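Heads up: the sequence shown begins at 3 in this note's numbering, then just goes up one per residue.
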Amino acid sequence: MSDERWWGSHDIPSGGRLELTLGPLTLWVSRFEREWRVGAVRDDDTLRSGAAVTLFDGREPVERPDDTAWDRFAQRETAGSVTLTPGLMDRAFVVRPYAKLHLLPTQEVVVYVTTPLVVRITDEQAAAPMVDVPVTRPSETWYGADTMNGSVCYAGRTHARLQPEQLERRASRATTAIRFVNRSEEPHWVEHLYVPVTRMALWEDPTTGALLTDAITVTHDRDHEETEVRRGPPCEGALRVSTPRESQQGVSVLHMLNQFWGAGG
3 MSDERWWGSH DIPSGGRLEL TLGPLTLWVS RFEREWRVGA VRDDDTLRSG AAVTLFDGRE
63 PVERPDDTAW DRFAQRETAG SVTLTPGLMD RAFVVRPYAK LHLLPTQEVV VYVTTPLVVR
123 ITDEQAAAPM VDVPVTRPSE TWYGADTMNG SVCYAGRTHA RLQPEQLERR ASRATTAIRF
183 VNRSEEPHWV EHLYVPVTRM ALWEDPTTGA LLTDAITVTH DRDHEETEVR RGPPCEGALR
243 VSTPRESQQG VSVLHMLNQF WGAGG
């Protein structure tokens, strides 16, 4: 399977269909005179890689999901093209390293993690996207100080790579660089990694084409921890692909991290 740049504007004739294969997701977008139909299936292999876009003009037979799998989006008249845009998920992620990760005293490292994307579908004449289709459906977990204070997040696992070249690049996932600084005199057990993707922008690395998020800095001291989402290009020349779902005005992401990691530091 190819790893072509799958997002952007795609011309679809009336009666035609676009098929996107992105990691475990297979997505169909069909155009009719007054409606779009969107269908999706997901492979059991959530780590499947690759990306490819195929266009059908309506005369070619193509395997498709049962009619009950379609969502329909009606309008006065459909445009001649549809835009696909990568985005980040609608909830934060809490990911656990597969192996215990301890940061030694007075040391700092950068940990690289990945999270799955959504595909945002927009008619070129519409004022807002039709729908966001997640590449995969992660399990959920509770994030907070107790059962009364917190929120539902997505759960994941990570190898917590310390070198970006060790990551297996997948077109269906975005990479986040988390800089950990341990200012205490004791080793710090990094039990969980909190990735607030709803507060982060998505960027394209112009050299590799990889999708990157805003970076994060986590500073750990003996009795407290501070976290900061570093707004801006994560690498030189990075091009912004999508904006954050939420603003961070008046909200300390690291305050939330303090609540979650209080017992694990």
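For each residue, glycine too, the CB sits at the ideal point set by N, CA and C.
Computed from a prediction, not measured in an experiment: that's the story for all the values here.
Do residue i and residue j have their C-beta atoms within less than 8 Å of each other?
i      : j      : result
Arg122 : Pro136 : no
Pro118 : Pro140 : yes
Arg39  : Ser16  : no
Ala162 : Val115 : yes
Leu204 : Pro26  : no
Glu126 : Val84  : yes
Pro189 : Leu106 : yes
Asp223 : Ser186 : yes
Gly52  : Thr23  : yes
For residue i, tell me which candidate among the options has the shortest Cα-Cα distance.
i      : options                           : result
Thr108 : Trp205, Glu79 and Asn184          : Asn184
Ala54  : Val197, Gly10 and Arg247          : Gly10
Val168 : Val112, Val231, Lys102 and Ala76  : The residue you asked about is not Val; residue 168 is Gln in the sequence shown. Nearest C-alpha to Gln168: Val112.
Pro2   : Leu29, Leu213, Met150 and Thr229  : This structure cannot settle anything about residue 2, because the visible part of the chain is limited to 3 through 267.
Thr209 : Ala240, Arg19 and Met150          : Ala240
Asp216 : Asp223, His222 and Thr229         : Thr229
Asp134 : Ile14, Arg19, Arg232 and Ser244   : Ser244
Glu238 : Gly211, Thr124, Thr221 and Arg224 : Gly211
Glu110 : Ile180, Ala128 and Ser153         : Ile180
Thr160 : Met150, Leu24 and Thr178          : Thr178
Ile218 : Arg19, Thr23, Thr80 and Phe182    : Phe182
Arg7   : Ala128, Val220, Asp207 and Thr221 : Asp207
Leu1   : Thr124, Asp225 and Glu170         : Summary: the structure shown does not reach residue 1, with the chain confined to residues 3 through 267, and so no result is reported for it.
Helix, strand or coil for residue i per DSSP?
i      : result
Ala71  : helix
Val137 : coil
Pro99  : strand
Glu167 : helix
Arg159 : strand
Arg33  : strand
Arg201 : helix
Leu49  : coil
Ile14  : coil
Leu106 : coil
Asp125 : strand
His194 : coil
Thr245 : coil
Thr149 : coil
Thr229 : strand
Ala42  : strand
Ala76  : strand
Ala130 : coil
Pro236 : coil
Trp144 : strand
Ser83  : strand
Arg19  : strand
Pro189 : coil
Sorted by chain position, which residues of the same chain lie with C-beta nearer than 8 Å to residue i's C-beta, five sequence neighbours on each side aside?
i      : result
Arg78  : Arg36
Gln251 : Unreliable positioning characterises Gln251 in this predicted model, as indicated by a pLDDT of 41, which lies under 50. A coordinate reading is not provided.
Ala71  : Gly41, Ala42 and Val43
Val120 : Pro88, Gly89, Leu90, Met91, Asp92, Asp134, Val135, Pro136 and Val137
Arg19  : Trp30, Val31, Ser32, Arg33, Leu57, Phe58, Gly60, Val64 and Arg66
Ala76  : Arg36 and Glu37
Could you pull out every residue in the same chain whose Cβ sits closer than 7 Å to the Cβ of residue i, ignoring the five residues on either side in sequence?
i     : result
Val96 : Thr143, Tyr145, Cys155, Ala157, His194 and Tyr196
Asp13 : Gly82 and Ser83
Where DSSP assigns a beta bridge to residue i, which residues make up the other side?
i      : result
Arg181 : Val112 and Thr219
Residues in its own chain within less than 6 Å of residue i by CB, not counting five upstream and five downstream?
i      : result
Arg175 : Thr116 and Pro118
Arg233 : Asp216
His104 : Pro189 and Trp191
Ile164 : At residue 164 the sequence reads Leu, which differs from the Ile that was named. So the list reads Val111, once near-sequence residues are dropped.
Thr48  : Pro26 and Thr138
Got a sec: is the Cβ-Cβ distance from residue i to anything in chain C below 8 Å?
i      : result
Val120 : In the structure shown, chain C does not exist; there is a single protein chain.
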